[in-house]
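Notes to accompany the following structure.
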Amino acid sequence: MIRHRRTATAAAALALGAVATAVLGFAAPASAHVTINPKEATQGGYGRFAFRVPNESDTAATTKVEVVLPENAPVGSVSTMPVPGWTVAVEKRKVDPPVEVHGSQLTEVVAKLTWTATGDAAVKPGQFQEFPVSMGPLPQVDTMVFKTLQTYSDGNVQRWIEEPTPGGEEPESPAPVLTLTAASPSAAPTGGAPAQADDDDDDAEGDGLATGLGLAGLVAGAGGLLLGGLAFARTRREPTPKA
């Protein structure tokens, strides 16, 4: 019953949202700035991410994308995936203390990634391009801010470098932000089993009891047949008394 009520509530909320959109005639605007996808990951882990770059100009194409990795959150292993029609340049910087990766102490980490279009591969108006990156182990911080520069074919540069403020509105030119959460403890969870598991146990116990009673009935029936057969045989053997 609880599940049905929750489903009905969710459906009602969706219906109200659709009605509001139809009545007011608008919906929330789509995000058009550079983002990182996925936007969340786990501290200490590895992940595959993509910097998604939409082209916001009506007349010019995006020809270069520069992504700066945060200085306060160095990552030991950073590798890029080839993007057809684009070259990538990797800049490194020294770090102190070193970053440990699989027992090795690294004194250099990637500081900046620069993708440059070749030929006709530039991002045209109305299009977007993704630039995949593999990173890890991810640092023990809450967020990673990747300040990004987007260069257009007409020479204009869009600077996606503004950091978000807790509880504040989204900046006009926000930088891509990756949110990191602490890893879950490896110990098995303790405590009582969920209600559904209890119901399943009750059903299993009920099935076992029914099976046991059924077997007992079969045994009793077989015993009755056996006794009846013996009594019949005894009656056939006894002589019929004379009058």
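Numbered per this note's numbering, the sequence shown spans residues 328 to 570.
For glycine and all other residues, C-beta sits at the position ideal for the given N, C-alpha and C.
Hey, how far is the Cα of residue i from the Cα of residue j?
i: T587; j: L440; result: Residue coverage of the chain in this structure runs from 328 to 570, which leaves residue 587 outside it and unanswerable.
i: I363; j: H429; result: 26 angstroms
i: E497; j: T407; result: 29 angstroms
i: V426; j: E490; result: 25 angstroms
i: L507; j: M471; result: 8 angstroms
i: G495; j: S431; result: 40 angstroms
i: E398; j: T492; result: 18 angstroms
i: D423; j: G453; result: 43 angstroms
i: Q485; j: T443; result: 15 angstroms
i: D525; j: W487; result: In this prediction, D525 scores a pLDDT of 47, lower than 50, which makes its location untrustworthy; the coordinate-derived value is nonetheless stated afterwards. Distance between the alpha carbons of D525 and W487: 53 angstroms.
i: E383; j: A416; result: 24 angstroms
i: Q370; j: S500; result: 26 angstroms
i: D469; j: L396; result: 15 angstroms
Just confirm the distance between the C-beta atoms of residue i and residue j, as a whole number of angstroms; I'd bet it's less than 8 angstroms.
i: Q456; j: V380; result: 5 angstroms
i: V405; j: V361; result: Not really, about 18 angstroms apart at Cβ, beyond 8 angstroms.
i: P411; j: A448; result: 7 angstroms
i: K391; j: T445; result: Between T445 and K391 the Cβ distance is about 11 angstroms, and since that is not below 8 angstroms, they are no contact.
Residue i and residue j: beta carbons closer than 8 angstroms?
i: K474; j: A388; result: no
i: P464; j: A377; result: no
i: Y373; j: S461; result: yes
Drop a sphere of 10 angstroms on the beta-carbon of residue i, count the other beta-carbons inside from all chains shown, and report buried for 16 or more, exposed for fewer.
i: A502; result: buried
i: G291; result: The requested residue 291 is not part of the displayed model; the chain covers only 328 to 570.
i: T386; result: exposed
i: T348; result: Because the pLDDT at T348 is just 40, under 50, the model does not fix this residue reliably, and the value given afterwards should be weighed accordingly. So T348 ends up on the exposed side.
i: A368; result: buried
Residues in the same chain with beta-carbon distance under 6 angstroms from residue i, minus the five sequence neighbours each way, listed in chain order, please.
i: D481; result: A387
i: P365; result: none
i: E393; result: T441, L476
So, at 7 angstroms on beta carbons, what are the nonlocal neighbours of residue i in its own chain, with the 5 sequence-adjacent residues on each side left out?
i: R375; result: P459, S461
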